[in-house]
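K.L.:
Can you keep this structure in mind? I'll have questions shortly.
Protein chains in written order, with this note's numbering: chain E, 1277 to 1661; chain A, 276 to 607.
Quick look at the structure:
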């Protein structure tokens, strides 16, 4: 395996507290601006954020909800971070994860008579494969036609969501039911969904808190474990070295013998598989079926999760936990202070902005400029040249 | 499951009556208007070297502010004779919002040299969040733009009547969108502003040497780009329906695809917008004709998105983007 790795090295992230300063100040500033928005609406920010914290951490049930919300964000965040390391901007986690969620549900309800562990494993695998295949499309188009992955993945998000809407659409007087729809007779249900998965395909629950609606399933730990694996792959393997080389300078990577086109396809397939897992654990651990609209903003949130972590897979864990806790506490915030839960999205967008433009934060708080480190080159053109 | 008594021939024939064709053409134009303005927005920005992936968010901002301004002025200026003033103020508010959003994109990508694709994505996510947060449900307005002209022909005039149904009875924003295309084309190729804009998109260092203020021109053009995108978004709420969360639903990205399809040239991008408008219109018409039993409407709805992929993959197209698009320019 070590044949093509030359002696030169690429920087590895070194743990230091200084690096944490920008993300923490970004979060702080975003929360501050959020408070101003709450004040402008004539409501109480202390009550709102208090409600948020209480909802996310105040009880066992809240903490479990935060962890359960973290898991898909962690997988999808890893998907975006992994693609970024290879110089690709994967806005398509959304599409990849809904395809994964549907395929996991299909294996979950259609494969009868399997032993429980094997059934869950197969259903997870189906989710990953679905995501990988959906991710392969932008990879192939980018590698062989130069079509920019940002617009391609966004279009594929819309196509995936329409496709799934049809596949699970309930029967109507004017149209038959979709092929995997649960509702085959008129009036049996209003929204599109698949039948419930078999209990043998449930992700095992480890802990059910008193009074909570959600249980802690093993998918949460699978997600954390995957983050460690992705870290090792990126920073300790030849494949990861080549991936980072392509991300930093595709021209140089090509010159030193890396097949850039093949790397592009592989990167997008792995990113797609990670997003597919995000969808699969939602199906197998939380909803126990696929429903349209089950994870609307996950794909966009995962971009912020990855950027907040500077695309470091290990840092994606706390980053995803923060975003998971914010969305877990949102309902309680709205109940406690009448501040609409949409505020969470505004605060998240602000965090994303301050992390992406860290110069703003450095300017505001008079921080020193960082040493020139690893800077991924995203391709800015549109292809066709 | 039997094909439950639908006559394919009759359904297709019902799509070819003059009335159905007029409906199809009108729907094509209605769908093409916001995409056209979005594509012009992309051209103005990208020809001067800045990738503007935030068009989607700027359109959403324009749609939202246009709608909310219309709600606000509907109580302030309720009389029918104040309608023109009310709508002009709403358009003005929307356009200003888009311009300011684009200036944010400009500051991030020109001053702070944030990757332009990421900066645009920030704009998109921010627009989605803030419009969702600020939207007040259950609001209403005193209506949007009415048709500007009546059809002067009656059904006895034959073909003229149907042409009249297409040419007249459109709102002012639609006529304006059609006018913007030659306007952008003329200014881009026949004025000093256009020459300088194209120069900084191709080779900013050369333009800089000749005394063009690259940054100032990029800021100006991004403001214009945002204004055009927001106007496109405003057509959705001021000449169409009420505001909904995330209602732009990819039109900004489709507009970018039209820009690429048209090789960064206004007239060809407009042709692309008409094509996408047609594909979207087709969905409604096929659904109306009862073809849902055979082709699910969701699958027809994927057509514009699939078409975008085909365009981006560049099948049979030879176009060239501005040479310096997406790269931050360093004066020095």
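Using N, Cα and C, we set each Cβ at its ideal position, and we do this for glycine too.
Could you check whether the Cβ of residue 556(A) sits closer than 7 Å to any Cβ belonging to chain E?
P.N.:
Judged by the 7 Å Cβ criterion, residue 556(A) is not in contact with chain E.
K.L.:
Count the other C-beta atoms from every protein chain shown that fall within 10 angstroms of the C-beta of residue 1644(E), then say buried if there are 16 or more, exposed otherwise.
P.N.:
Label assigned to residue 1644(E): exposed.
K.L.:
Buried or exposed: where does residue 1418(E) fall if 16 or more other Cβ atoms within 10 Å of its Cβ makes it buried?
P.N.:
The residue in question, residue 1418(E), is buried, as its Cβ has 16 or more Cβ neighbours within 10 Å.
K.L.:
Keeping to the same chain, check which residues put their C-beta closer than 7 Å to that of residue 599(A); ignore five residues upstream and five downstream.
P.N.:
324, 476, 477, 478 and 479, listed in sequence order.
K.L.:
Leaving aside the five residues before and after residue 424(A) along the sequence, list all residues of the same chain whose C-beta is less than 6 Å from its C-beta, in chain order.
P.N.:
Only 443 meet the Cβ criterion.
K.L.:
Could you list which residues in chain E have their beta carbon closer than 8 Å to that of residue 577(A), in chain order?
P.N.:
Per Cβ cutoff of 8 Å: 1434, 1435, 1438 and 1439.
K.L.:
Please list the partners that residue 550(A) has in chain E, where partner means a Cβ-to-Cβ separation under 9 Å.
P.N.:
By Cβ distance, chain E contributes nothing, its closest Cβ being about 15 Å from residue 550(A), past 9 Å.
K.L.:
Where does residue 543(A) fall in DSSP's three states?
P.N.:
Residue 543(A): helix per DSSP, three-state reduction.
K.L.:
From the DSSP output, read off the bridge partner residues of residue 1518(E).
P.N.:
DSSP, once it has assigned bridges, lists no residue as partnering residue 1518(E).
K.L.:
Three Cβ pairs or more, each shorter than 8 Å: is that satisfied between the region 1552 to 1569 of chain E and the region 1382 to 1399 of chain E?
P.N.:
As far as the Cβ criterion goes, the region 1552 to 1569 of chain E touches the region 1382 to 1399 of chain E, which means the pair count is three or higher.
K.L.:
Under the assumption that residue 310(A) contacts residue 552(A) (Cβ atoms under 8 Å), give the Cβ distance between them as a whole number of angstroms.
P.N.:
Right, their Cβ atoms sit about 6 Å apart.
K.L.:
Which residue from 1405(E), 1444(E) and 1472(E) puts its Cα closest to that of residue 1554(E)?
P.N.:
Taking only the C-alpha atoms, the option nearest residue 1554(E) is 1405(E).
K.L.:
Counting only beta-carbon separations shorter than 7 Å, does residue 408(A) have a partner in chain E?
P.N.:
Chain E contact via Cβ: present.
K.L.:
Can you check whether the C-beta of residue 1476(E) is within less than 7 Å of a C-beta belonging to chain D?
P.N.:
Among the chains of the structure shown, chain D does not appear; the protein chains present are E and A.
K.L.:
Going by the CB atoms, is the gap between residue 1457(E) and residue 1396(E) shorter than 7 Å?
P.N.:
Their beta carbons are not under 7 Å apart, which means residue 1396(E) does not touch residue 1457(E) by this criterion.
K.L.:
Taking Cβ-Cβ distances below 7 Å as the criterion, which residues of the region 1446 to 1474 of chain E are in contact with chain A?
P.N.:
Residues passing the 7 Å Cβ filter: 1450, 1451 and 1452.
K.L.:
Indicate whether at least one CB of chain A lies closer than 7 Å to the CB of residue 1616(E).
P.N.:
Yes, residue 1616(E) lies at the interface with chain A (some Cβ there is under 7 Å from its Cβ).
K.L.:
Measuring only the C-alpha atoms, how far is residue 534(A) from residue 601(A)?
P.N.:
Cα to Cα, the separation comes out at about 15 Å.
K.L.:
For residue 447(A) and residue 365(A), I'd like the C-alpha separation in whole angstroms.
P.N.:
Cα to Cα, residue 447(A) sits roughly 14 Å from residue 365(A).
K.L.:
Mind pulling the chain E residues with CB within less than 8 Å of residue 530(A)?
P.N.:
Ordered by position in chain E, no residue passes the 8 Å Cβ test against residue 530(A), which lies about 11 Å from the chain.
K.L.:
Exposed or buried, residue 316(A), counting other C-beta atoms within 10 Å across all chains shown (16 or more means buried)?
P.N.:
Looking at its Cβ environment, which holds 16 or more other Cβ atoms inside 10 Å, residue 316(A) is buried.
K.L.:
Whose C-alpha, out of 500(A), 531(A), 484(A) and 416(A), is nearest the C-alpha of residue 459(A)?
P.N.:
Residue 500(A) is the option with its Cα nearest to residue 459(A).
K.L.:
Going by DSSP in three states, residue 1633(E) sits in which element: helix, strand or coil?
P.N.:
Coil, per DSSP.
K.L.:
Short check: CB of residue 1435(E) to CB of residue 580(A), under 7 Å?
P.N.:
In contact: residue 1435(E) and residue 580(A) (Cβ atoms closer than 7 Å).
K.L.:
Quick check on residue 1612(E): does DSSP put it in helix, strand or coil?
P.N.:
Residue state, collapsed to three classes: helix.
K.L.:
Where does residue 412(A) fall in DSSP's three states?
P.N.:
DSSP places residue 412(A) in coil when its eight states are reduced to three.
K.L.:
Which parts of the region 1403 to 1478 of chain E are runs of the alpha helix (DSSP H), unbroken and 4 residues or longer, counting only runs that do not cross its ends?
P.N.:
Listed in chain order, the complete alpha helix (DSSP H) runs (minimum 4 residues) inside the region 1403 to 1478 of chain E are 1425 to 1443.
K.L.:
With a threshold of 16 other CB atoms inside 10 Å of the CB of residue 431(A), please say whether the residue is buried or exposed.
P.N.:
That one is exposed.
K.L.:
Mapping the DSSP letters down to three states, classify residue 354(A) as helix, strand or coil.
P.N.:
Residue state, collapsed to three classes: coil.
K.L.:
Of all the CB atoms in chain A, is at least one closer than 7 Å to the CB of residue 1303(E)?
P.N.:
No - not a single Cβ of chain A is within 7 Å of the one on residue 1303(E).
K.L.:
Note down the Cα distance separating residue 1551(E) from residue 1627(E), rounded to an integer number of angstroms.
P.N.:
Approximately 22 Å, taken between the alpha carbons.
K.L.:
What did DSSP end up calling residue 399(A) once you bin it into helix, strand or coil?
P.N.:
Note: residue 399(A) maps to helix in three-state DSSP.
K.L.:
Using a Cβ-Cβ cut-off of 7 Å, state whether residue 1351(E) counts as contacting chain A.
P.N.:
Not closer than 7 Å to any Cβ of chain A, the Cβ of residue 1351(E) fails to qualify, so no.
K.L.:
For the alpha helix (DSSP H) containing residue 306(A), list its first residue and its last residue.
P.N.:
Where residue 306(A) is concerned, the enclosing alpha helix (DSSP H) stretches over 293 to 322.
K.L.:
Helix, strand or coil for residue 387(A), going by three-state DSSP, please let me know.
P.N.:
Looking at residue 387(A) - three-state DSSP - the assignment turns out to be coil, as it is neither helix nor strand.
K.L.:
Can you find a C-beta in chain E that's less than 7 Å from the C-beta of residue 583(A)?
P.N.:
Taking Cβ atoms only, chain E reaches closer than 7 Å to residue 583(A), which makes this a yes.
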